[in-house]
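These notes are about the structure you will find just below.
Number of protein chains: 2
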Amino acid sequence: MLSKKTQYAFHALIYLAEHVDKGPVLISEIAEKKNISIKFLENILLELKNAGVLGSKKGKGGGYYLLKPPKEVMLARIIRLLDGPIALLPCVSLNYYEKCSNCDETICGLHEVMAKVRDATLKILENKSLKDIVHR
Amino acid sequence: MLSKKTQYAFHALIYLAEHVDKGPVLISEIAEKKNISIKFLENILLELKNAGVLGSKKGKGGGYYLLKPPKEVMLARIIRLLDGPIALLPCVSLNYYEKCSNCDETICGLHEVMAKVRDATLKILENKSLKDIVHR
DNA sequence: TATTTAATCTACCGTTTTTATAGGAAATAT
DNA sequence: ATATTTCCTATAAAAACGGTAGATTAAATA
Numbered sequence: 001m002l003s004k005k006t007q008y009a010f011h012a013l014i015y016l017a018e019h020v021d022k023g024p025v026l027i028s029e030i031a032e033k034k035n036i037s038i039k040f041l042e043n044i045l046l047e048l049k050n051a052g053v054l055g056s057k058k059g060k061g062g063g064y065y066l067l068k069p070p071k072e073v074m075l076a077r078i079i080r081l082l083d084g085p086i087a088l089l090p091c092v093s094l095n096y097y098e099k100c101s102n103c104d105e106t107i108c109g110l111h112e113v114m115a116k117v118r119d120a121t122l123k124i125l126e127n128k129s130l131k132d133i134v135h136r
Numbered sequence: 137m138l139s140k141k142t143q144y145a146f147h148a149l150i151y152l153a154e155h156v157d158k159g160p161v162l163i164s165e166i167a168e169k170k171n172i173s174i175k176f177l178e179n180i181l182l183e184l185k186n187a188g189v190l191g192s193k194k195g196k197g198g199g200y201y202l203l204k205p206p207k208e209v210m211l212a213r214i215i216r217l218l219d220g221p222i223a224l225l226p227c228v229s230l231n232y233y234e235k236c237s238n239c240d241e242t243i244c245g246l247h248e249v250m251a252k253v254r255d256a257t258l259k260i261l262e263n264k265s266l267k268d269i270v271h272r
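Quick mapping for you: the protein sequence lines, in order, are chains A and B. Quick note on our numbering: the first sequence kicks off at 1 and runs consecutively. Quick note on our numbering: the second sequence kicks off at 137 and runs consecutively.
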């Protein structure tokens, strides 16, 4: 399961994608509309900013905004950023790989199945963007 | 990611599947061969027994054994048993469904994508059994 | 029947992660 | 100046994770 953090991030990003041409959006506005704790959301948006997903502006008329068009922000990127690995096992993770301590990957059937799951998942998440999940 | 608990469970079940016709297997034997803390493994196997996956026998000559042939024990079942939901969001979980607090599922694009991920994952995990992951 | 073996059960414990919250500093607009 | 809003760091409660301890129960066997 995705953490609350990542779930909130998606809702906030959807909101920003929907208001993409209206300049910076207040944290407080997103928090209210999406029913998220404002202080928690503050941390999340800051993290997204430091990762290069969002831009921000301080002071009156300030807020957060997407740095790229929604169609270029892939869902897999957001998940990896906030939740870490998408794979079900460390030994099949592409971005957070760790060697198994108690099995030999070359003969481990579990490894093979979990790699399949990873591929099926990534095929979707790496090809779906914010544009694909905004409300229609 | 799967918890250590579920990962250990898989390794233990693989071991039991490999020794399926040799009667009950000691916890201590599995723990040693698979390099798992014996007390932790004890809890895991007990949980699998209470869920009807394993049988057990006390006393000398005792141990744990599979109640069904390996090909009938599906990977999805084990994960759900020990880790809970397989889906990435509560609102797309088939077995642990919970309503979204901050979105309307009928218009939520995220919901739709995550349902796709769930289906792709389940297509694999509900059709792969212990038999498919024993060492060849 | 006594002994040994091995699962069963309940409870507990320490660490890390998660989910926040608090408050002041820094930047910007007016 | 002042009001606004993000930035940053620290803290904290709660839950999850990973593992331990020890007494109990059941079965085999000598």
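Even for Gly, the Cβ is constructed at its ideal location relative to N, Cα and C. In this text the structure is predicted, and so the values were computed from the model without any measurement.
Please tell me whether residue i has its Cβ less than 8 Å away from any Cβ of chain B.
i	result
His135(A)	yes
Glu73(A)	Before going further, note that residue 73(A) is Val rather than Glu in the sequence given. No, Val73(A) does not count as interfacial toward chain B.
Leu125(A)	yes
Ala120(A)	yes
Ile44(A)	no
Ile107(A)	yes
Leu81(A)	no
Leu94(A)	no
Lys27(A)	According to the sequence provided, residue 27(A) is Ile. The question's Lys does not apply to it. It does not; no Cβ of chain B falls within 8 Å.
Ile38(A)	no
Ile78(A)	no
Leu16(A)	no
Please classify residue i as buried or exposed, where buried requires at least 16 neighbouring CB atoms within 10 angstroms.
i	result
Ala187(B)	exposed
Tyr96(A)	exposed
Gly245(B)	buried
His11(A)	buried
Ser37(A)	exposed
Ile150(B)	buried
Lys128(A)	buried
Ser229(B)	buried
Ile107(A)	exposed
8 Å is my cut-off, CB to CB: does residue i come that close to chain A?
i	result
Ala167(B)	no
Ser139(B)	no
Phe146(B)	yes
Ser237(B)	yes
Val253(B)	yes
Lys204(B)	no
Lys264(B)	yes
Pro221(B)	yes
Leu184(B)	no
Leu177(B)	no
Leu190(B)	no
Leu274(B)	Only positions 137 to 272 of chain B appear in the structure, and residue 274(B) is not among them; the question remains open.
Val249(B)	yes
Asp268(B)	yes
By the DSSP assignment, the beta strand (DSSP E) with residue i in it spans what residues?
i	result
Ser56(A)	54-57
Tyr64(A)	63-66
Looking at the unbroken alpha helix (DSSP H) that takes in residue i, where does it start and where does it end?
i	result
Gly245(B)	245-261
Asp268(B)	266-269
Consider the C-beta atom of residue i and the heavy atoms of the ligand FMN; say whether any pair is separated by less than 7 Å.
i	result
Leu2(A)	The ligand FMN is absent from the structure shown, which contains no ligands of any kind.
Q: Pair every Cβ in the segment 119-127 of chain A with every Cβ in the segment 68-83 of chain A, then say whether three or more of these pairs are closer than 8 Å.
A: With a cut-off of 8 Å on Cβ pairs, the segment 119-127 of chain A is in contact with the segment 68-83 of chain A, counting three or more such pairs.
(Q) Does the contact criterion of 3 or more C-beta pairs under 8 Å hold for the segment 185-199 of chain B versus the segment 146-164 of chain B? (A) Three or more Cβ pairs closer than 8 Å define a contact, and the segment 185-199 of chain B meets that threshold against the segment 146-164 of chain B.
**Q.** Three-pair Cβ contact test at 8 Å for the segment 4-19 of chain A versus the segment 34-47 of chain A
**A.** Yes, they touch.
(Q) Runs of 4 residues minimum, wholly inside the segment 155-234 of chain B: which ones carry the alpha helix (DSSP H) assignment? (A) Counting only runs of 4 or more, we get 163-170, 174-186, 211-219.
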